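Engineer: In this note's numbering, the protein residues as written are 243 to 584.
Every residue gets a Cβ at the ideal spot worked out from N, C-alpha and C, and that includes glycine.
All figures in this text were calculated on a predicted structure; none of them were measured in a lab.
Structure provided below as structure tokens; questions to follow.
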Amino acid sequence: MVADGSRILITGTAVGSRRVTIQRAEVDFRHELEVDALRGLTSTPKELSPKWFYDQRGAALFDAITRLPEYYLTTREREILVQRSAEIAQLTRAETLIELGAGTSEKTRLLLQALTRSGSLCCFVPFDVDEATLQSSAESLGDLHPRLRIAAVVGDFERHLELLPRDGRRLIAFLGSTIGNLNPNARAKFFSNLAAQMSAGDALLLGTDLVKDVNRLVAAYDDSQGVTREFNRNILLFLNRELGADFDPSQFAHVARFDPQHEWIEMILRSLSLQRVRVPMLGIEVLFRPGEEMRTEISAKFRRDSLEAELGKANLQVIRWWTDRRGDYALSLSIPQRLHPN
Ligand code: AVJ
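If you want it as structure tokens, here you go:
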């Protein structure tokens, strides 16, 4: 049993070769969606969780976002990894690379390469909610690194960190500024859960987008080709398919704006008319006033001082801070703080 009472299926599945295994937390996807959507659609203001963005179409749209000229995050993070992977390998001498929210693990290849070259690496643990994504990335990485043991874990990084393997010196990578989706409260919980899992010798490599010119921030979430708009509205198509809802996505405008107080981007769907939406599988009808806003995502932007303070509260000490040339994005390397020196 894990903290929330959901069970964990211990049996792994061998995929392709015997070097690749998959272990999964037993999560009731349908139940979770129903609880989450019911709460979000009946609260004031209405709200949906960004975790429902990533069905097959949503994942493809996100992939397209990472290649947009306005969406600088991915290229900046890659720039830092290209420059620093060897140094990260040298500093951590990690035996196990764990990647949280692994996705397609594209940038992980740089880390794997560096850790393989420095000779310390034996295992790669991609951790993600989406099993299909994990399967394909585990298989292609298995082909690239035939001697590497790949032990994929299907789970939610806010709830199933207990599933991470404990043995060896571990580098836990959490890239892409995915941490930005959590509000400060959830972030604090996540950092302290993670720190509680870490031992001396382990390290956390964290990717964070930084506070910058508001126009550049907003443009990254409201691109000129409208890909992000489609990505945002895709959540409505997802609810139509999964819950039998009858959202008309064209009746919702895509809004992205920076909240200077919280220093986060909010993505919102704004109703363009008075509409009544049926959600049969929740047994509800939802009324949207003209102009009514429903938040679908926050994407927090960070500053070095406050992030170091947040990590410090979780007993994680930042030992390296790297940014790209423009200072748009940061990778930080943290280690568990010794609680009792000497
Ligand atoms: C995957 C959460 C890092 O917040 O930048 C991209 C998601 N949303 N465009 C981000 C996203 C709209 C992305 N993260």
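If you draw a straight line from the C-alpha of V244 to the C-alpha of S466, how long is it?
Structural biologist: In this predicted model, V244 has a pLDDT of only 39, less than 50, meaning its place in the structure is not dependable; the value taken from the coordinates is given anyway. Going by the C-alpha atoms only, they are around 44 Å apart.
Engineer: Around the C-beta of N427, are 16 or more other C-beta atoms found within 10 angstroms, so that it is buried, or is it exposed?
Structural biologist: exposed
Engineer: E341 to V367, Cα distance in whole Å?
Structural biologist: Our two residues, E341 and V367, have alpha carbons roughly 6 Å apart in a direct line.
Engineer: Of the choices P292, R281, S576 and E274, whose alpha-carbon is the least far from that of I477?
Structural biologist: P292
Engineer: Comparing alpha-carbon positions, which option in Q298, G422 and S285 lies nearest F473?
Structural biologist: Closest option to F473, Cα to Cα, is Q298.
Engineer: Given 7 Å as the limit, tell me if F473 has its C-beta closer than that to any heavy atom belonging to ligand 1.
Structural biologist: yes
Engineer: Can you tell which of M523, I526, D305 and V497 has its C-alpha closest to the C-alpha of R512?
Structural biologist: V497
Engineer: Restricting to Cα atoms, I'd like to know which of A551, D547, R562 and F494 is closest to P532.
Structural biologist: F494
Engineer: Just the C-alpha distance for D547 and S492, rounded to the nearest angstrom, thanks.
Structural biologist: 42 Å
Engineer: What residues match up with Q265 in a beta bridge as DSSP calls it?
Structural biologist: V395
Engineer: In terms of alpha-carbon separation, which member of M440, Q503 and A267 lies closest to R580?
Structural biologist: M440
Engineer: Return the residue from the list P522, L310 and T350 that minimises the CA-CA distance to G486.
Structural biologist: When only C-alpha atoms are compared, the closest one is P522.
Engineer: Sorted by chain position, which residues of the same chain lie with C-beta nearer than 6 Å to L585's C-beta, five sequence neighbours on each side aside?
Structural biologist: The structure shown has nothing for residue 585, since the chain only spans 243 to 584.
Engineer: Note the first and the last residue of the continuous beta strand (DSSP E) segment covering E535.
Structural biologist: E535 to A542
Engineer: Pair every Cβ in the stretch 300-319 with every Cβ in the stretch 565-577, then say whether three or more of these pairs are closer than 8 Å.
Structural biologist: yes
Engineer: Beta-carbon within less than 8 Å of V456's beta-carbon, same chain only, minus the 5 sequence neighbours each way: which residues are those?
Structural biologist: F500 and P502
Engineer: From L573 to E527, what does the alpha carbon distance come to, in whole angstroms?
Structural biologist: 44 Å
Engineer: Say yes only if the C-beta of F588 is nearer than 7 Å to one or more non-hydrogen atoms of ligand 1, and no if none qualify.
Structural biologist: Since the displayed the chain opens at 243 and closes at 584, residue 588 lies outside it and no answer follows.
Engineer: For L448 and F369, I'd like the C-alpha separation in whole angstroms.
Structural biologist: 15 Å
Engineer: R531 by DSSP, collapsed to three states: which one?
Structural biologist: coil
Engineer: Who are L575's beta bridge partners in DSSP?
Structural biologist: DSSP output for L575 lists L447 and R562 as bridge partner(s).
Engineer: Considering only DSSP beta bridges, list what A415 is partnered with.
Structural biologist: E341 and L447
Engineer: Based on Cα-Cα distance, which residue from G525, A551 and Q517 lies nearest to S535?
Structural biologist: For the record, residue 535 in the displayed sequence is Glu; it is not Ser. Comparing Cα positions, the closest option is Q517.
Engineer: Relative to the C-alpha of Y313, which candidate in C364, T263, G397 and A462 has its C-alpha closest?
Structural biologist: A462
Engineer: Who does Q517 pair with in a DSSP beta bridge?
Structural biologist: F530
Engineer: For G247 and L424, I'd like the C-alpha separation in whole angstroms.
Structural biologist: The pLDDT assigned to G247 is 40, lower than 50, so where the model puts this residue is not dependable; a value taken from the coordinates is nonetheless given after this. Their backbone Cα atoms lie some 22 Å apart in a straight line.
Engineer: Compute the Euclidean distance between the alpha carbons of Q355 and L280, then round it to the nearest angstrom.
Structural biologist: 44 Å
Engineer: May I ask whether a heavy atom of ligand 1 can be found less than 7 Å away from the beta carbon of L452?
Structural biologist: no
Engineer: My assumption, with CB atoms under 8 Å, is that G343 sits in contact with T420. Please give the rounded CB distance.
Structural biologist: 5 Å
Engineer: In the DSSP assignment, the alpha helix (DSSP H) including H273 goes from what residue to what residue?
Structural biologist: Counting along the chain, the alpha helix (DSSP H) containing H273 begins and ends at F271 to T284.
Engineer: DSSP three-state call for L459: helix, strand or coil?
Structural biologist: helix
Engineer: Which value, in whole angstroms, describes the spacing of the CA atoms of E289 and R537?
Structural biologist: 5 Å
Engineer: So which of M509, A445, L303 and L403 has the shortest CA-CA distance to Q265?
Structural biologist: Closest in alpha carbon position to Q265, among M509, A445, L303 and L403, is L403.
Engineer: Give me the Cα-Cα distance between A328 and Q559, rounded to the nearest whole angstrom.
Structural biologist: 21 Å
Engineer: Using the Cα positions of L575 and L481, report the straight-line distance between them to the nearest angstrom.
Structural biologist: C-alpha of L575 to C-alpha of L481: approximately 38 Å in a straight line.
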